[in-house]
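Here the structure comes first, spelled out in structure tokens, and everything after it is commentary.
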Amino acid sequence: MTTLPAVREALAACHGVEVVYGRGDAAVRALGGVSLELHVRESLALLGRSGSGKTTLLHVLGGLVEPTGGSAVWHGRPLASLDRAAQGSLRAHGLAYVFQGANLLPSFTAFENVAFAAHLAAGKAAARFAPDALLELVGLAAKADHLPAELSGGEAQRVAIARALAQRPELLLCDEPTGHLDSDTGERMLDLIEALQAEFEFALVVATHDAGVAARLGRELELEDGIVVREER
Amino acid sequence: MSAASLAFVELVRAPGRTALRVLTLAAAVGLLGAMLLFIGHSLGGMTTSAVRNVPLDWQGPVGSYEAAVDVAARVARQPGVAEADPAATAPFAGIEHDSAAAGTIRSGAGSILALAPAHLARAGTLRFLRGSLRPGDVVLDQQLAATLQAQPGDTVALTPRRGARPLRLRVSGIALVTAPDELFQPLNPLLGPAPAQPPANVAILPLSTFARKIAPALPTLTAAAGASAVPGVQAGTQWQVQAQVDTATLTGSPARALRQATQIRNRVERSLPGQIVFVDNLADNLDTAAGDALYAETLYIMLAAPGGMIALGLAYLAALGTAERDRRNLALLRARGARRRDLFVLAALESIALGLVAGTIGTAVALGAVRVTGSGVGIGTGRVLATLGICVALAAIGALAARVAAGLGALAGSVTEARRSVRRSERPLWQRLYVDVAALAVAGLVYWLTVRTGFSAVVNPDSNPTLSLSVYMFLAPALLWIGAALLLLRLRGRIVAWAAARAAGGRATTSIGFLLASAGRRGAAINRGLLVLGLLLAFGVNLSIFVATYDQQARVDAQLTLGADVVVTAPPGAVAAHRLVERIGGLSSASGVSAVDHSYAYVGPDLQDTFGVDPASLLRGTSLRDSYFLGAGAHQMLDRLGSTHDGILVSKETISDYSVRVGDLLRLRVLDHATGHFHVVPFHVVGVVQEFPAAPKDSFMVTNLTYLEEVTHDPGPNLVFVRAGGDPTALARRIAAATGMYGTSVKSIREQTAQTVSSITTVSLRGISRIEEAFVLALAAATMALVVSVGLAERRQELATMAALGASLRRAAAFLWSEAALVLVASLLLAALLGWLLAEMLVAMLQHVFDPPPDHLAVPWAYLGGLGAAAVLGGLAAALLAALQIRRLPLGAILREE
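Residue numbers (this note's numbering), protein chains in the order written: chain A, 515 to 747; chain B, 42 to 939.
Next up, the structure:
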């Protein structure tokens, strides 16, 4: 009697994804047939220089950019089959972002930035995540009532991570999370993300141009002019 | 690529953005252009009206018939003179008519008007009802013909002076002398025009007939300048030259026309030295019109300027919507090596292009607006081109100012600074000097002084406002505008933000809490909307309340000037002879009637209007206010008058000028119609009157009708006041139909309101207020749309981030419309307070111009409701458009932006 190996369903996947910005002579191909699969709790680094297509690929995975060719899939369902509301609901409940510039909402305090994401994720009936606890987790409980303009770059990124955690993500998409930080702060940021991944068990995709950062993650995918030129585990 | 090409490319590359800026600027300069066209046209109209209302431009006294003929011929040849004719006025002692039916009918003394045949071509002073003037014949004035029961073809005997042989003349026509005040006024060029009491009986003769048959029997009045002449009684023949100015030479505002008319007269007098000096009726009228025009200009500017300034603020708001994109573009250009000067050149070229298009559209809008309001007739090409030039220049300057102000960060010192948003580290000078607080304090002080002490602007005896009035009366409202605008700038929306934060109640965790928390921290953005929308709505509220109050007072003024809802003027004796009071009172829509005798009497040397009334029945035909009298109310005054047979109410001026007190004996000289001479009659002062229906604005008197008839032998009342039960115009038509055969003329309050009657109604605000109110409605809607669209442009990255977090379209859009709703609510509150304050202040400052002063402000609720609705609809439309735009936001691209 033979035992068939268990088939792990991909959490998210791209199949031959192409993205072209603009039209005619002004058209720019950002991605040219990228395929990948990402599984639960997996870590992936998207490595490449500026303009290689890393951010576009992150946005395709998160449903923020619709591919001009191929498809992006979430839990086996093509994102193209979902309307904007369903895509929004998906982002609110399982798919979180940490942007390069943190992108905190400027008219909300650190607490409210986290609370707003928790509010979106919780819906009407579900219990809410405690924003205070999340800020405590990222070491910013003391600055809960500060506005983004009153925070340093590293602090803003930590609030962005707490905000992402408030969405209880299955997948965390980080776009150059250390891009605006000095090397020490950047290191501490990565340590924090890894620790939180271990705690909350989300899959992680980090877009970076830094080979050192990429090396810390389990898997690397190198992009050049929108094409995967190297994949390494 | 040259700067010009780059500017062009920038404008074409974003057509929507360019269209928004063009339309906003066009609306702003369109309002200003409409104001300019309207004011220019209105002032021109005032000149035309002033010139048209002068029946006889110049009257120059000369010493003889020959001199009159000779000088008239010379004057007629002068440039700028349309025509000049010799003429004469003279008294006659009596006139009688042997009627086959009624026997010999005699009339008392009267006046002769002798005219050259050429004069008859002019219709300004005389209107023939029947027949014409023929050599050797006489034409009788309508009243004299009625008295004598004479018809064309009859013969009358005219006695030039007492004891002289009567002269038999055939009646060749009956005419209406339409300007007896001017025709028979004493001619003293040094004193100027002094309209006199018109003679009761007028006979018109051909000048040559008069010179040949009557003048030799009468003394000739001296022609020397400065000769004294007592109004009302003419002792001999006054030879004169009457001239009309060519009106085509009088253009522009009344002040300009006055200068032109004076220059023409001076030139004529200089070219005929020692031969003629004129009494200038035209200049007198233009001078009054120039005073009114000055008042009108100031009033127009006061009402229009804030609107124009706010409209330009709107252009700034529109520029803010594209400021972020502009900042990035300019920062990019600087990073590529463009110097700051290059960026200014680029901005200037862009602004000129925008100014050309927006200025042209604005001018077209302005022309359309003034045509719609009926003020566009006669606007010449020159004025249109001048307006176009001004609109283009204003639009270009506005575009440049808005661009520079909104994109200041990109034009800063270094490229690095250019990449940042600008942050002001130091408060501007006006904030450190508390200019806003000072302006509000001075405005309040001036207002308090006015209300508390009654201190007011200078008004001359004819109620014409003077320059000092204009400057003073607008000081407080102008300072209130400036102070309020600056205070809003200083507060930066802190009050609204504080209110929103309080409502949010600490840390936000609910949907409403997030909306309020966000709004509470966007005070500056809310304030920007509040500043433009709040001030715009305040402008609309102020304008509409002021204009409604102005209209209300114009109606009150019209009733006061006319006398009643409908007033019937009848020839002497007609009211009693034909029982007109009963006839009119019998008409169904006449709810009350009262007869009044309007005559004149001398108080010392002053000729004053005198009204003989029946105190018991006066209030049936008209209304009196307590404020018309000093020392007692209207009913008490009428009671006092009714209980004192020879009682008289005199004006405040008479009380002070002649040191008279209530109860004193007052001797007046009144005309005895039996003898044709003035004689002294005793009256007793029973009270002081300030205003009275149909009375002039200055001095007049009110007495008992029965006593007045006794002492003047007057044939009875000549006015009938009628209170209308329904439409006054329809009632006036019915009365005219019922009494027209007795020589009556009937006027309703509607006609009176439409006419220029006094200082307050001289200036019509109807046109300018319609234009402004329409613009305010459109701009209110546009402002709300801009508030939402600027919010969207500013917060697109924030909204994209919300979408990335999973916020629905509705939830994200709520942040925009809730902010717009806060702006709207705060603006409505500000507008209600500031608009009401401004209107209250403006009316208080103009209290002495309103005649009588208003008891309360008139509030046009329908317009105010429309104004609020326009703002709400504009906001709703913009919110819907914003929702659609949010749906189409390129999330990926926006989130990549730094």
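Ideal Cβ placement from N, Cα and C applies to all residues, glycine included.
TODO: Report yes if the C-beta distance between A771(B) and V787(B) is below 8 Å; otherwise report no.
DONE: The residue given as residue 771(B) occupies position 730 in the second sequence. The residue given as residue 787(B) occupies position 746 in the second sequence. Taking 8 Å as the Cβ cut-off, A771(B) and V787(B) do not qualify as a contacting pair.
TODO: Classify S621(A) as buried or exposed, calling it buried when 16 or more other Cβ atoms lie within 10 Å of its own Cβ.
DONE: Along the first sequence, read from residue 1 onward, the residue named residue 621(A) stands at position 107. Counting of Cβ neighbours within 10 angstroms places S621(A) among the buried residues, the total reaching 16 or more.
TODO: Given a cut-off of 8 Å, decide if V609(B) and L760(B) are closer than it, judged by their beta-carbon atoms.
DONE: Position 719 of the second sequence, counted from the first residue, corresponds to residue 760(B). Position 568 of the second sequence, counted from the first residue, corresponds to residue 609(B). Contact: yes.
Task: Neighbour flag for A640(A) against chain B, beta carbons, 8 Å - done: Working through the first sequence from its first residue, we reach residue 640(A) at position 126. Low confidence applies here, because A640(A) scores a pLDDT of 46, under 50, leaving its location unreliable; read the following figure in that light. By this cut-off, A640(A) is not an interface position.
Open item on the list: Would L718(A) pass as an interface residue toward chain B - the criterion being a Cβ-Cβ separation below 8 Å?
Closed with: Counting from one through the first sequence, the residue named residue 718(A) turns up at place 204. No, its Cβ sits nowhere closer than 8 Å to a Cβ of chain B.
TODO: Give the DSSP-derived three-state secondary structure of D321(B) in the structure shown.
DONE: Residue mapping note: residue 321(B) aligns to position 280 of the second sequence, counting from 1. For D321(B), the secondary structure class from DSSP, reduced to helix, strand or coil, is strand.
- [ ] Give the DSSP bridge partners of Q100(B), in chain order.
- [x] Mapped onto the second sequence, residue 100(B) falls at position 59. DSSP, once it has assigned bridges, lists Q283(B) and V320(B) as partnering Q100(B).
- [ ] Evaluate contact between the region 819–835 of chain B and the region 77–96 of chain B, counting only Cβ atoms and requiring at least three cross-stretch pairs below 8 Å.
- [x] In short, these stretches do not touch, since the Cβ pair count stays below three.
TODO: Just grab the DSSP bridge partners of E310(B) for me.
DONE: Against the second sequence, residue 310(B) aligns to sequence position 269. Within the DSSP bridge table, the entry for E310(B) names no partner.
Open item on the list: So R562(B) contacts chain A; which residues on that side make the cut at Cβ distance below 9 Å?
Closed with: Residue mapping note: residue 562(B) aligns to position 521 of the second sequence, counting from 1. Under the 9 Å cutoff, chain A gives P620, S621, F622, T623 and L661.
- [ ] Give the residues of chain B in contact with G602(A), contact being defined as C-beta atoms less than 7 Å apart.
- [x] To locate residue 602(A), count along the first sequence from 1; it is residue 88. For G602(A), the C-beta contacts it makes with chain B under 7 Å involve A844, G847, A848 and S849, in order along the chain.
Task: Every unbroken alpha helix (DSSP H) within the region 826–889 of chain B, with a cutoff of 4 residues, ordered by chain - done: For the region 826–889 of chain B, whole alpha helix (DSSP H) runs of length 4 or above, ordered along the chain, are 837–846 and 850–886.
TODO: Please say whether A150(B) and R135(B) have beta carbons closer to each other than 8 Å?
DONE: As a working mapping, residue 135(B) is identified with position 94 in the second sequence. As a working mapping, residue 150(B) is identified with position 109 in the second sequence. Checking the sequence shown, residue 135(B) turns out to be Gly, not Arg. Yes, they are a contact pair.
- [ ] Could you work out which residue in P257(B), T329(B) and M76(B) is closest to P132(B) when comparing CA atoms only?
- [x] On the second sequence, position 91 is the one that residue 132(B) refers to. In this structure, P257(B) is the residue among P257(B), T329(B) and M76(B) with its C-alpha nearest to the C-alpha of P132(B).
- [ ] Hey, could you find the ends of the alpha helix (DSSP H) K657(A) is sitting in?
- [x] Position 143 of the first sequence holds residue 657(A). Unbroken run through K657(A): none, as it is neither H nor E.
TODO: Could you tell me whether the region 317–334 of chain B touches the region 404–414 of chain B, using the rule of 3 or more Cβ pairs below 8 Å?
DONE: Taking 8 Å as the limit for Cβ pairs, the verdict is that the region 404–414 of chain B does not touch the region 317–334 of chain B.
Task: A67(B) versus G348(B): straight-line alpha-carbon distance, rounded - done: Within the second sequence, the letter at position 26 stands for residue 67(B). Within the second sequence, the letter at position 307 stands for residue 348(B). Straight-line Cα distance between these residues: approximately 14 Å.
- [ ] Run the CB neighbour count on R782(B), radius 10 Å, all protein chains shown included, and call it buried at 16 or more, exposed below.
- [x] Position 741 of the second sequence holds residue 782(B). The question names Arg, but residue 782(B) is Met in the sequence shown. So M782(B) ends up on the exposed side.
Task: Close-in-space but distant-in-sequence residues of the same chain around L291(B) (CB under 7 Å, 5 per side omitted) - done: Start at 1 with the first residue of the second sequence, and residue 291(B) comes out as number 250. Closer than 7 Å at Cβ, skipping near neighbours: T88, V92, A298, Q301 and A302.
Open item on the list: Please tell me whether L857(B) has its Cβ less than 8 Å away from any Cβ of chain A.
Closed with: One-based indexing of the second sequence puts residue 857(B) at position 816. It does not: the Cβ of L857(B) has no partner Cβ on chain A nearer than 8 Å.
Task: For I625(B) and D755(B), the rounded distance between their alpha carbons - done: Here residue 755(B) is taken as the residue at index 714 of the second sequence, counted from 1. Here residue 625(B) is taken as the residue at index 584 of the second sequence, counted from 1. For D755(B) and I625(B), the distance between alpha carbons rounds to 22 Å.
Open item on the list: According to DSSP, is I255(B) part of a helix, a strand, or is it coil?
Closed with: The residue you call residue 255(B) lines up with position 214 of the second sequence. Three-state result, I255(B): coil.
- [ ] Report the neighbours of H573(A) on chain E: residues whose CB is nearer than 7 Å to its CB, in chain order.
- [x] The structure shown contains no chain E; the protein chains it does contain are A and B.
Task: Contact with chain B by E626(A), beta-carbon distance below 8 Å - done: Your numbering for residue 626(A) matches position 112 in the first sequence. Chain B, which has a Cβ nearer than 8 Å to the Cβ of E626(A), makes this yes.
- [ ] Would you please verify whether the beta carbon of L833(B) is less than 8 Å from any beta carbon of chain A?
- [x] As a first step, residue 833(B) must be located in the second sequence, where it is residue number 792. False, the Cβ-Cβ gap to chain A never drops below 8 Å.
Task: is_contact[S294(B), chain A] using C-beta, thresh 8 Å - done: In the second sequence, residue 294(B) corresponds to position 253, counting from 1. No, S294(B) does not count as interfacial toward chain A.
Open item on the list: If contact is defined by three or more beta carbon pairs under 8 Å, each pair taking one atom from either stretch, is the region 538–545 of chain B in contact with the region 554–570 of chain B?
Closed with: The answer is yes - the region 538–545 of chain B touches the region 554–570 of chain B, with three or more Cβ pairs under 8 Å.
Task: Closer than 9 Å at the beta carbon, the chain B residues around A721(A) - done: The residue labelled residue 721(A) in the question sits at position 207 within the first sequence. Ordered by position in chain B, no residue passes the 9 Å Cβ test against A721(A), which lies about 12 Å from the chain.
Open item on the list: Check whether the region 591–598 of chain B and the region 725–741 of chain B touch, using three or more Cβ-Cβ pairs below 8 Å as the test.
Closed with: Counting C-beta pairs closer than 8 Å gives fewer than three between the region 591–598 of chain B and the region 725–741 of chain B, which falls short of the contact rule.
- [ ] Inspect the beta-carbon positions of H589(A) and L525(A) and report whether they are closer than 8 Å.
- [x] Translated into the one-based positions of the first sequence, residue 589(A) becomes position 75. Translated into the one-based positions of the first sequence, residue 525(A) becomes position 11. Less than 8 Å separates the beta-carbon of H589(A) from that of L525(A).
Open item on the list: Here's the rule I'm using: 16 or more other beta-carbon atoms within 10 Å means buried, otherwise exposed. How should Q275(B) be labelled?
Closed with: Counting from one through the second sequence, the residue named residue 275(B) turns up at place 234. In this structure Q275(B) is buried. Its beta-carbon is surrounded by 16 or more other beta-carbon atoms within 10 angstroms.
Open item on the list: If you reduce the DSSP assignment to three classes, tell me which class V445(B) lands in.
Closed with: Within the second sequence, numbered from 1, the residue matching residue 445(B) stands at position 404. In the structure shown, V445(B) sits in a helix (DSSP, three-state: H, G or I).
TODO: Answer yes if the region 602–610 of chain A comes into contact with the region 520–533 of chain B, meaning at least three C-beta pairs across the two stretches below 8 Å, and no otherwise.
DONE: Result no; under three Cβ-Cβ pairs closer than 8 Å.
Open item on the list: For a quick check, are the C-beta atoms of A853(B) and I935(B) less than 8 Å apart?
Closed with: Locating residue 853(B) in the second sequence gives position 812, counting from the first residue. Locating residue 935(B) in the second sequence gives position 894, counting from the first residue. No, the pair does not count as a contact, with Cβ atoms beyond the cut-off.
Open item on the list: Quick check on DSSP: helix, strand or coil for L619(A)?
Closed with: As a first step, residue 619(A) is located in the first sequence; it is residue number 105 there, counting from the start. Per DSSP, reduced to three states, the secondary structure at L619(A) is coil, with no helix or strand assignment.
Task: Spatial neighbours of A345(B) in its chain, beta-carbon cut-off 6 Å, leaving aside the 5 residues before and after - done: Locating residue 345(B) in the second sequence gives position 304, counting from the first residue. Once the five neighbours on either side are set aside, the close Cβ partners of A345(B) are M76.
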